[in-house]
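Numbering of the sequence shown is given in the numbering used here, commencing with residue 19 and proceeding in unit increments. Below you'll find the structure, written out as structure tokens, and then a few comments.
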Amino acid sequence: MAAAEPEFLILDLETIPDVDRWKRPESPHGIEAPFPPTWAHRIIVVGCLWLGRDYRLRRLGVIGDDRADESQILVELSRFVGRAKPVLVTYNGRSFDLPVIALRSLCHGVPLAWYYRERGVRYRYSEEGHIDLCDWLADHGATRSGSLDAVARLFGLPGKVGVDGSQVEGLYRAGQLAKIQAYCLADVVQTAFILLRFRLLQGVLSPTAYVDAATALLDGLAAEPRVAEVLAKIDRAQLLTCAD
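Have a look at this one:
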């Protein structure tokens with residue numbers, strides 16, 4: 019008897035450098051500033067999209083508002099994941115998002131028992147606790163991975179919309195947290211559609227089931243103003259086209 023499908027929590031982080039613990043080295047004029055090491059990324063927003071076992075939208079939102087500090091964000095995230103035990107879904111989360119969560123939890127003394135007790139969350143070849151779509155689509159390092167922007171554009175998604183990651187720090191310093199949240203949710207939404215397409219690729223979802231799930235997700239997100247821009251730029255015909 020086949021095991022029931024789990025629930026899924028699609029995650030994406032937005033971070034800024036932790037200037038209290040890391041100082042950006044000076045770079046020659048015209049040379050891009052170095053990317054902070056993993057431990058030096060301070061989390062300001064966690065975007066979340068929760069899909070049920072039927073791949074239908076349960077909730078979309080962010081952890082991190084004008085009043086929340088990093089410790090509070092991590093406590094809220096860890097408590098939810100530890101209680102609900104969803105399969106985490108990320109794009110490049112094995113290399114970035116989850117190590118950042120672990121190291122910043124270490125920094126603040128936030129328990130992360132679900133991360134260390136559940137082997138599947140950290141095991142690269144398992145879907146039991148974490149599906150890193152970037153890693154799976156690159157055959158776990160057998161080929162060069164594609165960016166979220168590039169992979170999204172393969173089947174009708176717009177990729178990066180309006181903002182890119184290099185602008186997050188400047189937007190945060192300017193008090194534009196709502197804009198960062200919308201950018202983060204745009205990535206989360208597109209990661210969710212990549213998950214559905216990946217399930218079709220794997221044969222987990224039939225073509226009919228994929229179209230039904232993608233259509234339901236489009237409909238479920240239609241009333242959410244924070245993702246209106248990315249939804250408006252989706253090529254729905256291409257997104258919903260697949261071979262029978």
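Backbone N, C-alpha and C define an ideal beta-carbon position, used for all residues, glycine too. A quick note: this is a predicted structure, and the numbers were derived from the prediction, not measured.
Item, Value
"Tell me the DSSP bridge mates of L69?", "F26 and L75"
"Starting from the Cα of V128, find the closest Cα among S89, I149, N110 and L155 and give me that residue.", "S89"
"What residues are listed by DSSP as bridge partners for P35?", "H59"
"Which residues share a DSSP beta bridge with D153?", "DSSP output for D153 lists no bridge partner at all."
"Please go through the same chain and pick out, in chain order, the residues whose beta-carbon is closer than 6 Å to the beta-carbon of Q185, but skip the five residues on each side of it.", "none"
"V80: which of G180, R254, Y201 and C152 sits nearest, CA to CA?", "Y201"
"Secondary structure at T108, three-state DSSP: helix, strand or coil?", "strand"
"Go to F98, then tell me how far its alpha helix (DSSP H) extends in each direction, as first and last residue.", "E88 to A102"
"Give me whichever residues DSSP pairs with H158 in a beta bridge.", "In the DSSP output, where bridge partners are listed per residue, H158 has none listed."
"If you run the structure through DSSP and keep just helix, strand and coil, what is C260?", "coil"
"Taking 7 Å as the threshold (C-beta atoms), are L106 and L29 in contact?", "yes"
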